[in-house]
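Trainee:
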Amino acid sequence: AAMVHNFGAASTRPHSPHYADQAPLYAAEQLRPIALTREELMKGPHRITRLPLAER
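Residues in the sequence shown are numbered from 10 upward in steps of one, following the working numbering.
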């Protein structure tokens, strides 16, 4: 399976390293692979990142 996040903006935080990291893929009409099955997910990196909730 493959996908690309619309316009590359996977984050609403401009200082995030992921703010526009998919924009080149989107502009080139390319996709990136994604894991869909448990077996595929278990092959990937295993890391948990906890982010504080934004204050409103």
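Each residue gets a CB set at the ideal place from its N, CA and C atoms; glycine is no exception. Since the structure is predicted, the reported quantities are computational estimates derived from the model, not experimental observations.
My output table needs one value for Arg59: the three-state DSSP class, helix, strand or coil.
Mentor: Locating residue 59 in the sequence shown gives position 50, where the first residue counts as 1. Looking at Arg59 - three-state DSSP - the assignment turns out to be coil, as it is neither helix nor strand.
Trainee: Ignore the nearest five residues each way along the sequence and tell me which others in Leu45's own chain have a CB closer than 7 Å to its CB.
Mentor: Residue 45 sits at position 36 when you count from the first residue of the sequence shown. Ala10.
Trainee: Leaving out the 5 sequence neighbours to the left and right, which residues in its chain are closer than 8 Å to Pro42 when beta-carbon positions are compared?
Mentor: Mapped onto the sequence shown, residue 42 falls at position 33. Ala10 and Ala11, listed in sequence order.
Trainee: Can you give me the start and stop residues for the alpha helix (DSSP H) that Ala36 sits inside?
Mentor: Here the question's residue 36 lines up with position 27 in the sequence shown. It spans Ala32 to Ala36 - the alpha helix (DSSP H) in which Ala36 sits, taken as one unbroken run.
Trainee: Using DSSP bridges, identify the partner residues of Ala11.
Mentor: What you label residue 11 is simply residue 2 of the sequence shown in a count that begins at 1. Beta-bridge partners of Ala11 (DSSP): Pro42.
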